[in-house]
Amino acid sequence: MPPQFHVVPDWVKDHPEVQARGIQLEDTLKPKVVWRTGVQMPPYVVKAVNPAGQEANIYERLRGLSPASPNHTLPGCDVIRSEPPILIMPAVGEFLLDFTMWDLHTLLRCYYQILEGVEFLHDLKIAHLDFVTDNLLLAPQWAVECHKNVPLELGKVYIMDFGESQQYELGPGRQPAIKLPPSHITPPNDMTHFDPYSWDMLCVGHAFQWISEWVHRRRPEPWIVRRLGSWLVGNERGCTSVCHCRPSARRARQVMSVILWALRASDSIGRAMRTMRGMFSQSARTSRAQD
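Just so it is clear: in the sequence shown, position 149 is 139 by the working numbering, and no numbers are missing.
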């Protein structure tokens, strides 16, 4: 990539709102679109927003809602209605860190958070339309401590980048197919039109499969994790209206709740059995000693 693409343009460095906040942009995350501060603390990201899209409107709408779960939109994002519009947001930890350290509980809790966040968007009749792991963030301790005025939650998964997103009049189960925007995911069966909410869920399924591949690079993949990914991806039949080839975000989140409950119950039973075995073993040793 030519060096000039890595240079932060003057118009964004000298933007009045950027200057007023004392933000010094040094790094280019996406040429001509996204920039980040360097060693400055707290760190920030500035994004040039496409004025023809819905991103600015969606962020303003979401900012007016409580940042607590089930809302998994990154809090503290300010839309500046300049020419072009810009988005100023806190820089938060990358989602892809520490994958290899995740156990099954951590992975499934992460999946639950993602499904909860997508369900929240769909309930608001917002389809993300470009759901990939690059558009996820995970709040680490340093980010929570740096951004004291932003209600970040430690370990919470946040969904970002609504550049391709749309708001609709109809919700899941009622919205017909729309022409798909450019995406990182190749549509099945060379389809160009798709139920937008079902498309989000297909993309979530692919994201789950990709995350699982990373988590289980050096260890076996549990069957339940493999089954979840394939269930969300579904078996596309080429629906041209409302799609039923995969579960809705709400249904998937409900099933995930049951899985997490069953996993916790299984662990509790396992601990109880180990405790009882220990008690019986101790009792047997005591009896032998007395004899």
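We put the CB at the ideal spot given by N, CA and C, even for glycine. Nothing here was measured: the structure is a model prediction, and the numbers come from that model.
Cβ-based burial, residue i [other Cβ within 10 Å; buried from 16]
i      : result
Trp189 : buried
Pro141 : exposed
Ala197 : buried
Asp151 : buried
Ala133 : buried
Leu192 : buried
Gly195 : buried
Ser238 : buried
Gln131 : exposed
Leu160 : exposed
Spatial distance of residue i from residue j (CA atoms)
i       : j      : result
Pro(-1) : Pro172 : 26 Å
Val2    : Asp68  : 15 Å
Arg236  : His112 : 15 Å
Val205  : Arg51  : 35 Å
Gly107  : Cys233 : 20 Å
Gln9    : Gly28  : 15 Å
Lys287  : Val248 : Outside the displayed range of the chain (-9 to 281) lies residue 287, so it cannot be described from this structure.
Asp93   : Gly219 : 17 Å
Pro212  : Leu19  : 35 Å
Lys115  : Leu250 : 27 Å
Arg216  : Asp124 : 21 Å
Ile201  : Leu253 : 20 Å
Pro57   : Tyr148 : 10 Å
Gly224  : Arg207 : 24 Å
His174  : Cys136 : 32 Å
Gln165  : Leu98  : 29 Å
Trp25   : Asp4   : 13 Å
Met91   : Tyr34  : 27 Å
Val23   : Phe121 : 18 Å
Leu162  : Ile168 : For the record, residue 162 in the displayed sequence is Pro; it is not Leu. Approximately 13 Å, taken between the alpha carbons.
Thr63   : Arg53  : 8 Å
Beta-carbon contacts of residue i that lie in its chain and below 8 Å, excluding the five residues immediately before and after
i       : result
Met(-9) : Note on Met(-9): pLDDT 49, under 50, position unreliable in the model; no value is reported.
Phe270  : Only weak support is given to the placement of Phe270: the predicted model assigns it a pLDDT of 49, under 50, and the question is left unresolved by the model.
Val(-3) : Thr18
Cβ-Cβ distance between residue i and residue j below 9 Å
i      : j      : result
Pro6   : Pro41  : no
Pro65  : Pro32  : no
Leu105 : Arg11  : no
Asn47  : Gln157 : yes
Ser155 : Ala117 : yes
Gly153 : Glu84  : no
Ile13  : Val36  : yes
Leu15  : Tyr49  : no
Own chain, CB closer than 7 Å to residue i, minus 5 neighbours either side, in chain order
i      : result
Arg240 : Glu109
Pro177 : Leu170, Phe184
Cys100 : Val147
Close-in-space but distant-in-sequence residues of the same chain around residue i (CB under 6 Å, 5 per side omitted)
i      : result
Phe89  : Trp204, Val205
Val245 : none
> Should the segment 228 to 236 be regarded as contacting the segment 176 to 196, the criterion being three or more beta carbon pairs within less than 8 Å?
Replying inline: Touching, yes.
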